[in-house]
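Line by line, the protein sequences give chains A and B.
To convert, count from 1 in the first sequence and add 746; that's this note's numbering.
To convert, count from 1 in the second sequence and add 746; that's this note's numbering.
Ideal Cβ positions, reconstructed from N, Cα and C, are used throughout, including at glycine.
Fair warning: this is a prediction, and the values are worked out from it, not measured in the lab.
Worksheet: one structure, shown below.
There are 2 protein chains.
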Amino acid sequence: MALVVQKYGGTSVGSVEKIRAVAKRVADARDAGHKVIVVLSAMAGETDRLQDLGSAVSARPAAEEMDVLLASGEQASIALLAIALKDLGHPSRSYLAHQVGIRTDADHQRARIERIDTSALRESLAAGVTPVVAGFQGIDGSGRLTTLGRGGSDTTAVAVAAAVEADECQICTDVDGVCTADPRIVADARRLDHITFEEMFELASLGSRVLHPRSVEFAGKYAVPLRVLSSFATGGGTLITVESESMEQPIVSGIAHARDEAKITMSGVPDVPGVASKILGPVGRAPIEVDMIVQNTGADGLTDFTFTVKRGDYARTLELLQPVGGELGARSISGDDQIAKVSVVGVGMRSHAGVAMRVFDTLAAENINIQMISTSEIKISVVVAERYMELAVRALHGAFELSEPNG
Amino acid sequence: MALVVQKYGGTSVGSVEKIRAVAKRVADARDAGHKVIVVLSAMAGETDRLQDLGSAVSARPAAEEMDVLLASGEQASIALLAIALKDLGHPSRSYLAHQVGIRTDADHQRARIERIDTSALRESLAAGVTPVVAGFQGIDGSGRLTTLGRGGSDTTAVAVAAAVEADECQICTDVDGVCTADPRIVADARRLDHITFEEMFELASLGSRVLHPRSVEFAGKYAVPLRVLSSFATGGGTLITVESESMEQPIVSGIAHARDEAKITMSGVPDVPGVASKILGPVGRAPIEVDMIVQNTGADGLTDFTFTVKRGDYARTLELLQPVGGELGARSISGDDQIAKVSVVGVGMRSHAGVAMRVFDTLAAENINIQMISTSEIKISVVVAERYMELAVRALHGAFELSEPNG
């Protein structure tokens, strides 16, 4: 008998029929002898509907009240699932954030979980009552509602799993696991049975939308075995765990991609300490999230500084840079909002220096120009023109033989 | 400077525009120097939508989870109003039931308020922050959400007003006060400036849909001055207070009516003690609400027993009575579901014995047959065929000269 946390996202509880199907699935897990804690998102579309209402009432809706507004979505979905479970003759009870003591900081709309009081959940499980916990929401030190921001319900599920020391945290979603690449781009992309937290974190950060990076980071930190699987199909999905010595490491696990990127270059700025922070200061304070940063040193004491942002932040970023450019005497500020990022990820590349060369050779063979390069221990990311993105993903997927098991 | 509780119903917060209008109104009251606590219902249609979802998930949705589900409606509306108030530069904060300590019993879907912890509200007011409290919801002793049933938000408003000892509890609605009769039936019905709790309670119970009887009872019990007024028009509405010696008492204050009634008669049952409870026992346990009860004693040791129920309960009630009728050897069980109740209400009739006669004379003059009569200290109710209801209301309104001030 295992203790399992099952998290279902918005599309999995998006209708009355789907809620009943989820209830059946939870009841099946119970009948198979497992103890289950369920964590839910709001019904698909509900968070957007509430967000739109808030934005219609005020152009700058107060963050702490938006949290109260948005949290009502999960309140409805947990009640509905508890109703469906009881309808199947299966004891169940809904838990709101304050009832299960999900304590967060007071950073509204992007709060971070500080701790979870597990006593209510443990009592519920001991009594044979399946707890259905509202994802995405928490309470701060003064008892006010908070929300965790994007991917919040995944984070709730992982945090609950860590707190109760669950055997597994299952993220039940509309895909059947983590693939070597997006199957819509690469026809022979293969579901991975197993992947490490570090790889998953890179894949999640790099635009593979299966799991939110925060939840992966959290799961890694507390070593919660995480499984991504389909809400409705059968199959084991993808298990995400810490790396073990005995694991056979494929060199490369997958190819991730991110559209909707934009790059900005400030050319001919003085190559002296403090320039980077002068350039990125106003952007960071906006706050606009900066992804890749590349700086080349020139021989003339001047340098070109390039970084990427989300495409939606492109115009605003260019605007913010104008005064800085003047101040630094930059030669020019230029940019391109039709770029994409393609990344090759795998823990095995730590010990295989040849991976980078194979990436560059593969793209060169396809005549794809690499605009920026960024590397970490277990990934290589390149920026290319967006129109070459799909070709690049397919070429790299083939080059690393990812459609073959352990390829 | 007064301390005022303002309650807005679902139609008053039924759209983004209306929420902004309510915010303006609350801000105006603040700017006029008053301290305001706002109590809200869910946006119009929202409670029905949630109820339908719950009923679609289960034919018998668990009451305690329905409360969690339904309470999410008020959570959204209070957040939206707090956002709108802040958008006007007006400090405000939403309060859920557990945050303001609205303690109820554990009778889900029809809980009763036991007490309210006023410390959070008082602190908020002292800090110049207008509290926006979720109506309709409470928490029971174990911290679970409850709802108060029909008219729940009115009851919340009155209970909050009583707890903070407000100068006035304003029920802001889509009518501009309490009228001498339904203006849709009586063209020259007049808004009452003033009415007593007892009269209002009778009018509310008798089908005048302005206020829920429970809230009126509560207000009377704690002597909270209650005012019914329009959410959007100006005007003083109707003030409901305890009767004072000096008040000039009109004999009759208003004419109420209730459609959708049905009556059932069990004829020829033994005229012995315990018969009434034998007949009404199964009905009361169903539970079906019984309104008027009339029993006439016959000379032959048999009696006819008649009572009224809501029309929707008519068929079920007839069904429940069959075995009882057999047991008691009743001659027949008959009924009529095309009846209506018309009531004349006024504290002044206590000392005016002639009121009943004027009611009977007036209806006789219109050739309207009276099927049942029921009286209390301050009201006379008659049951008539539904098709004569409007005529009866108009005739009585004229007979008591209610279109004239103090008529």
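Helix, strand or coil at residue i [DSSP, three-state]
i, result
"B/Met812", "helix"
"B/Glu931", "Note that residue 931 of chain B is Ile in the sequence shown here, rather than Glu. It is coil, neither helix nor strand."
"A/Val974", "strand"
"B/Leu891", "strand"
"A/Gly1014", "strand"
"B/Pro1033", "coil"
"A/Ala1141", "helix"
"B/Phe964", "helix"
"A/Gly800", "helix"
"B/Arg858", "coil"
"A/Phe1051", "strand"
"B/His844", "helix"
"A/Leu985", "strand"
"B/Pro1069", "helix"
"B/Asp1082", "strand"
"A/Thr1007", "The residue you asked about is not Thr; residue 1007 of chain A is Glu in the sequence shown. A/Glu1007 falls in the strand class under three-state DSSP."
"A/Ser1149", "coil"
"B/Leu749", "strand"
"A/Leu786", "strand"
8 Å Cβ cutoff, residue i in contact with chain A
i, result
"B/Pro1019", "no"
"B/His854", "no"
"B/Gln752", "no"
"B/Gly889", "yes"
"B/Met1135", "no"
"B/Ala830", "yes"
"B/Gly1153", "With a pLDDT of only 42 at B/Gly1153, under the threshold of 50, the placement of this residue in the model should not be trusted, and no figure is reported."
Cross-chain neighbours of residue i in chain A, by beta carbon under 7 Å
i, result
"B/Arg766", "Val803"
"B/Lys770", "Here the premise fails: no neighbours, minimum Cβ distance about 12 Å."
"B/Leu815", "Ala822, Ala825 and Leu826"
"B/Ser818", "Ser818, Gln821 and Ala822"
"B/Val762", "Leu799, Ala802 and Val803"
Whole-Å CB distance - residue i paired with residue j, under 8 Å assumed
i, j, result
"B/Val751", "B/Gln883", "Not really, about 16 Å apart at Cβ, beyond 8 Å."
"A/Leu799", "B/Val1036", "42 Å between Cβ atoms; not a contact."
"B/Thr893", "B/Gln855", "6 Å"
"B/Ala1004", "B/Leu891", "Going by Cβ atoms, the distance from B/Ala1004 to B/Leu891 rounds to 32 Å, so no, they are not a contact pair."
Nonlocal neighbours in the same chain, by C-beta distance under 6 Å from residue i, ignoring five residues either side
i, result
"A/Gly1153", "Legend: pLDDT at A/Gly1153 = 43, less than 50; position of this residue unreliable, no value from coordinates given."
"B/Val1129", "Ile1085, Lys1087, Gln1117 and Met1118"
"A/Ser840", "Ile824, Ala825, Ala828 and Val878"
"B/Tyr968", "Ala908"
"B/Thr1108", "Ala1141, Leu1142 and Ala1145"
"A/Ser1080", "Thr1011"
"A/Ala748", "His780 and Asp913"
C-beta neighbour in chain B for residue i, strict 8 Å
i, result
"A/Ile824", "yes"
"A/Gln845", "yes"
"A/Gly800", "yes"
"A/Glu869", "no"
"A/Leu796", "yes"
"A/Ile848", "no"
Residue i: contacting residues in chain A (beta-carbon distance under 9 Å)
i, result
"B/Ile783", "Under the 9 Å cutoff, chain A gives no residues; its nearest Cβ is about 17 Å from B/Ile783."
"B/Asp833", "Val803, Ser804, Ala805, Arg806, Pro807 and Ala808"
Closer than 7 Å: residue i CB and nearest the ligand SAH heavy atom
i, result
"B/Asp913", "This structure simply doesn't include the ligand SAH, nor any ligand for that matter."
Chain-order list of residues whose beta-carbon lies under 8 Å from that of residue i (same chain, five-residue window excluded)
i, result
"B/Gly791", "Gly756 and Gly760"
"A/Arg849", "Ile859, Glu860, Arg861, Ile862, Asp863, Gly884, Ile885, Asp886 and Gly887"
"A/Phe947", "Pro959, Val962, Glu963 and Gly966"
"B/Glu1233", "Because residue 1233 of chain B is not part of the residues shown, which for chain B are 747 to 1153, the question remains open."
Partner residues on chain B for residue i, Cβ-Cβ distance less than 7 Å
i, result
"A/Ser840", "Glu811 and Val814"
Close beta carbons around residue i, own chain, < 7 Å, minus the five adjacent residues each side
i, result
"A/Ser870", "Arg839 and Pro877"
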